[in-house]
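In my numbering, the protein residues as written are 6 to 184. Let me begin by presenting the structure, written as structure tokens, before commenting on it.
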């Protein structure tokens with residue numbers, strides 16, 4: 006592959022993924038600063054007329070059965086279990102939480118605000134197609150970083166600076182990770 010072609014691919018991928026990567030960096034930064042967003046919650050059912058089988062290996066069928074019994078028409082990609090609580094996914098949009106104990110079941114409808122939607126997408130809790138896009142973006146980012154480093158190291162004018170900056174980055178990472 007010629008250097009010119011590699012530079013063009015590097016630049017096109019960088020231009021394409023920059024908006025998404027900026028949004029991911031912003032949502033991650035907000036999360037680390039304690040700005041995690043919130044949900045609007047509405048309890049849609051509480052009682053003992055609905056039964057939950059948390060041992061059911063087919064969580065999607067179990068959740069669909071529960072929601073249908075409550076006349077709730079909701080499509081979801083998959084279900085997640087945490088303890089005795091079931092969640093419909095994606096959680097980056099309206100979804101349901103089904104909490105159960107021995108006596109009763111509670112079903113809560115949750116709608117995330119804008120920041121919570123971004124955080125949920127960032128954490129990989131979005132639609133399946135978005136998770137696939139994130140995997141492609143990760144591969145693209147790796148390509149962008151490796152080709153950028155390679156282009157710097159193979160340029161006579163940039164070689165020393167590229168080595169110095171790269172080594173500095175590794176050292177700072179190791180130092181901060183060891184604290």
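No residue lacks a Cβ here, since even glycine has one placed at the ideal position from N, Cα and C. Note that the structure is a prediction, hence the values are computed from the model and not measured.
- Annotation: residue 130 to residue 63 spans about 19 Å, alpha carbon to alpha carbon.
- Buried is the label assigned to residue 95, since at least 16 other Cβ atoms lie within 10 Å of its Cβ.
- Looking at the DSSP output, residue 143 shares a beta bridge with no other residue.
- Contact between residue 93 and residue 68 holds, with the beta-carbon distance rounding to 6 Å and staying under 8 Å.
- Measuring C-alpha to C-alpha distances from residue 88 to each of 178, 171, 103 and 141 identifies 103 as the nearest.
- Boundaries of the alpha helix (DSSP H) around residue 23: 8–37.
- In the DSSP assignment, residue 46 forms a beta bridge with 115.
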